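*Asks:* Before I ask anything, here is the structure I am working with.
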Amino acid sequence: QGLHSVCEEAHCPNIGECWESGTATFMILGDVCTRACKYCAVAHGLPTELDRDEPRRVASAIAAMGLEHVVITSVNRDELADGGAAIYADLIRRIHAELPGCSVEVLIPDFKGNEDALRTVVEAKPEILGHNLETVERVHPWVRPGGRYWRSISFLGAVKKMDAGMLTKSGIILGMGELEEEIYQAMRDLREAAVDILTLGQYLRPSEHHTPVDRWVTPDEFRRWKEIGERELGFRHIESGALVRSSYHAKEQAREVQAGGPGRITEVMEADIPAPSEVLGPDGPVRVLGELPGPKLVQIGGL
Numbered sequence: 054q055g056l057h058s059v060c061e062e063a064h065c066p067n068i069g070e071c072w073e074s075g076t077a078t079f080m081i082l083g084d085v086c087t088r089a090c091k092y093c094a095v096a097h098g099l100p101t102e103l104d105r106d107e108p109r110r111v112a113s114a115i116a117a118m119g120l121e122h123v124v125i126t127s128v129n130r131d132e133l134a135d136g137g138a139a140i141y142a143d144l145i146r147r148i149h150a151e152l153p154g155c156s157v158e159v160l161i162p163d164f165k166g167n168e169d170a171l172r173t174v175v176e177a178k179p180e181i182l183g184h185n186l187e188t189v190e191r192v193h194p195w196v197r198p199g200g201r202y203w204r205s206i207s208f209l210g211a212v213k214k215m216d217a218g219m220l221t222k223s224g225i226i227l228g229m230g231e232l233e234e235e236i237y238q239a240m241r242d243l244r245e246a247a248v249d250i251l252t253l254g255q256y257l258r259p260s261e262h263h264t265p266v267d268r269w270v271t272p273d274e275f276r277r278w279k280e281i282g283e284r285e286l287g288f289r290h291i292e293s294g295a296l297v298r299s300s301y302h303a304k305e306q307a308r309e310v311q312a313g314g315p316g317r318i319t320e321v322m323e324a325d326i327p328a329p330s331e332v333l334g335p336d337g338p339v340r341v342l343g344e345l346p347g348p349k350l351v352q353i354g355g356l
């Protein structure tokens, strides 16, 4: 039906396990992203025309598959006024109508900090709303030039102001040059925004054209970050391991994790501000103006 699975597009290592458990992740809004993050395998460039019929076709496919939990994500569509939020909302409502027993998780872009676009998705009532922070504040401008660290943090915080009972989720990739104190601070910042669920995984370089792997995180370190996050910082649940990705064990999280209330951060910051090294042209494509200096690569010791 011309549908895209991010499981395949992003080279996810857990594709077999998730599909066998009745979970799948669909990528909507096309398969070409307007941003060019240095860790991501998804193609970037000029996107195709928006497919208004996509929500109907995706919902029909999900119903035919009889899925118990579905994750909906997308490329960035910065040329659209709402970033594709209306398509997300339409699809969420269609899935709930056609397959009432299927829980819906969305992993959304930042919509350039557009709070109205965010509200459009929140009001469609997904069971989990996720937005990935991806990395620590210092490394962020280098590997994710199309995004902004505090925009992502505050975007998640704003969800709880709109709907305090909605489960929120984020993810951090380890192995791109971060320091241990920076990981801890990023986790604290996410908790300030009342994020309920966090995923921590190992960065795997998609190709020689992407940023290199700085280090390989040990299983023991992943375990300790989970303990720190859940026991000290108060995350409701953390999935932490080398092959963990955003959708890993997503169905179990939707069934078992209870949302917390609002955090201290509830307003969207840095909305509609151009990212450090990009400008959007009048017709939408991203024009990269220059590279930022890369982070100093360090060897991280024990926690």
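Per the numbering used here, the very first residue in the sequence shown carries number 54; after that it's consecutive.
Every residue, glycine too, gets a C-beta built ideally from N, C-alpha and C.
These numbers were taken from a predicted model, which means no experiment stands behind them.
Going by DSSP, what residue range makes up the beta strand (DSSP E) through residue 77?
*Replies:* Translated into positions along the sequence shown, residue 77 becomes position 24. From DSSP, the beta strand (DSSP E) with residue 77 extends over 76 to 81.
*Asks:* Flag this pair as touching only if the segment 117 to 128 and the segment 78 to 89 have three or more C-beta atom pairs under 8 Å; answer yes or no.
*Replies:* Judged by Cβ distances under 8 Å, the segment 117 to 128 makes contact with the segment 78 to 89, as three or more pairs qualify.
*Asks:* Okay, do the segment 301 to 312 and the segment 247 to 265 touch, 3+ Cβ pairs below 8 Å being the bar?
*Replies:* Output reads yes: the segment 247 to 265 touches the segment 301 to 312.
*Asks:* With DSSP run on the structure shown, which of helix, strand or coil describes residue 156?
*Replies:* Position 103 of the sequence shown holds residue 156. Residue 156: strand per DSSP, three-state reduction.
*Asks:* Looking at residue 221 and residue 301, is the spacing between their C-beta atoms short of 8 Å?
*Replies:* For the purposes of this step, residue 301 is taken as the residue at position 248 of the sequence shown. For the purposes of this step, residue 221 is taken as the residue at position 168 of the sequence shown. Contact: no.
*Asks:* Look at the alpha carbon of residue 214 and the alpha carbon of residue 194, and state the distance between them as a whole number of angstroms.
*Replies:* The residue you call residue 214 lines up with position 161 of the sequence shown. The residue you call residue 194 lines up with position 141 of the sequence shown. Their backbone Cα atoms lie some 27 Å apart in a straight line.
*Asks:* Drop a sphere of 10 angstroms on the beta-carbon of residue 184, count the other beta-carbons inside from all chains shown, and report buried for 16 or more, exposed for fewer.
*Replies:* Position 131 of the sequence shown, counted from the first residue, corresponds to residue 184. Under this definition residue 184 is a buried residue.
*Asks:* Using 8 Å as the threshold, is the C-beta distance between residue 87 and residue 132 below it?
*Replies:* Numbered from its first residue, the sequence shown carries residue 87 at position 34. Numbered from its first residue, the sequence shown carries residue 132 at position 79. Yes, they are a contact pair.
*Asks:* Would the segment 317 to 328 count as touching the segment 272 to 279 if we require 3 or more Cβ pairs under 8 Å?
*Replies:* With the cut-off at 8 Å, the segment 317 to 328 and the segment 272 to 279 do not touch.
*Asks:* DSSP on residue 183, reduced to helix/strand/coil?
*Replies:* Residue numbering aside, residue 183 sits at position 130 when the sequence shown is read from its first letter. In this structure, residue 183 counts as strand in the three-state DSSP scheme.
*Asks:* Does the distance from the CB of residue 231 to the CB of residue 192 come in under 8 Å?
*Replies:* The residue given as residue 231 occupies position 178 in the sequence shown. The residue given as residue 192 occupies position 139 in the sequence shown. Result yes, Cβ atoms of residue 231 and residue 192 sit closer than 8 Å.
*Asks:* Residues in its own chain within less than 8 Å of residue 200 by CB, not counting five upstream and five downstream?
*Replies:* Taking the sequence shown and counting its residues from 1, the one referred to as residue 200 is at position 147. These residues qualify, in order along the chain: 88, 90, 163, 187, 193 and 328.
*Asks:* Assuming contact is defined by CB atoms lying nearer than 8 Å, are residue 84 and residue 96 in contact in what I supplied?
*Replies:* Position 31 of the sequence shown holds residue 84. Position 43 of the sequence shown holds residue 96. A contact, by the Cβ cut-off of 8 Å.
*Asks:* Can you find a C-beta in chain B that's less than 8 Å from the C-beta of residue 167?
*Replies:* Absent from the structure: chain B. Only one protein chain is present.
*Asks:* Grouping DSSP H, G and I as helix and E and B as strand, with all else coil, what is residue 287?
*Replies:* As a first step, residue 287 is located in the sequence shown; it is residue number 234 there, counting from the start. Residue state, collapsed to three classes: coil.
*Asks:* What number of angstroms, rounded off, separates the C-alpha of residue 283 from the C-alpha of residue 209?
*Replies:* As a position in the sequence shown, residue 283 is number 230, starting the count at 1. As a position in the sequence shown, residue 209 is number 156, starting the count at 1. Taking the straight line joining both Cα atoms gives about 18 Å.
*Asks:* Please tell me whether residue 135 and residue 170 are closer than 8 Å, where the distance is taken between their beta carbons.
*Replies:* Counted from its first residue, the sequence shown places residue 135 at position 82. Counted from its first residue, the sequence shown places residue 170 at position 117. Yes, they are a contact pair.
*Asks:* Apart from the five residues just before and just after residue 226, which ones in its own chain have a Cβ nearer than 7 Å to its Cβ?
*Replies:* One-based indexing of the sequence shown puts residue 226 at position 173. Closer than 7 Å at Cβ, skipping near neighbours: 92, 187, 188, 254 and 256.
*Asks:* Work out the CA separation of residue 286 and residue 180 for me, nearest whole Å.
*Replies:* Mapped onto the sequence shown, residue 180 falls at position 127. Mapped onto the sequence shown, residue 286 falls at position 233. In a straight line, the C-alpha of residue 180 is about 23 Å away from that of residue 286.
*Asks:* Can you tell me which of the three DSSP states residue 369 falls into?
*Replies:* Because the chain in this structure spans residues 54 to 356, residue 369 falls outside the shown range and cannot be described.
*Asks:* In the DSSP assignment, find the unbroken beta strand (DSSP E) run with residue 250 in it and report its ends.
*Replies:* On the sequence shown, position 197 is the one that residue 250 refers to. Residues 250 to 255.
*Asks:* Going by the beta-carbon positions, is the gap between residue 160 and residue 219 smaller than 8 Å?
*Replies:* Position 107 of the sequence shown holds residue 160. Position 166 of the sequence shown holds residue 219. In this structure, residue 219 does not lie closer than 8 Å to residue 160 by Cβ.
*Asks:* Can you tell which of 288, 151 and 196 has its C-alpha closest to the C-alpha of residue 262?
*Replies:* Reading the sequence shown from its first residue, position 209 is the one you call residue 262. Ranking the options by Cα distance to residue 262, first place goes to 196.
*Asks:* Within 10 Å of its beta-carbon, does residue 153 have 16 or more other beta-carbons around it, so buried, or fewer, so exposed?
*Replies:* In the sequence shown, the residue the question calls residue 153 occupies position 100. That one is exposed.
*Asks:* Using only the alpha-carbon positions, how far apart do residue 308 and residue 120 sit?
*Replies:* Translated into positions along the sequence shown, residue 308 becomes position 255. Translated into positions along the sequence shown, residue 120 becomes position 67. Their Cα atoms are separated by approximately 14 Å.
*Asks:* Determine the extent of the alpha helix (DSSP H) in which residue 210 is found, giving its start and end residues.
*Replies:* Walking along the sequence shown from the start, residue 210 turns up at place 157. Counting along the chain, the alpha helix (DSSP H) containing residue 210 begins and ends at 202 to 215.
*Asks:* Is the CB-CB distance between residue 223 and residue 322 below 8 Å?
*Replies:* As a working mapping, residue 223 is identified with position 170 in the sequence shown. As a working mapping, residue 322 is identified with position 269 in the sequence shown. No, they are not a contact pair.
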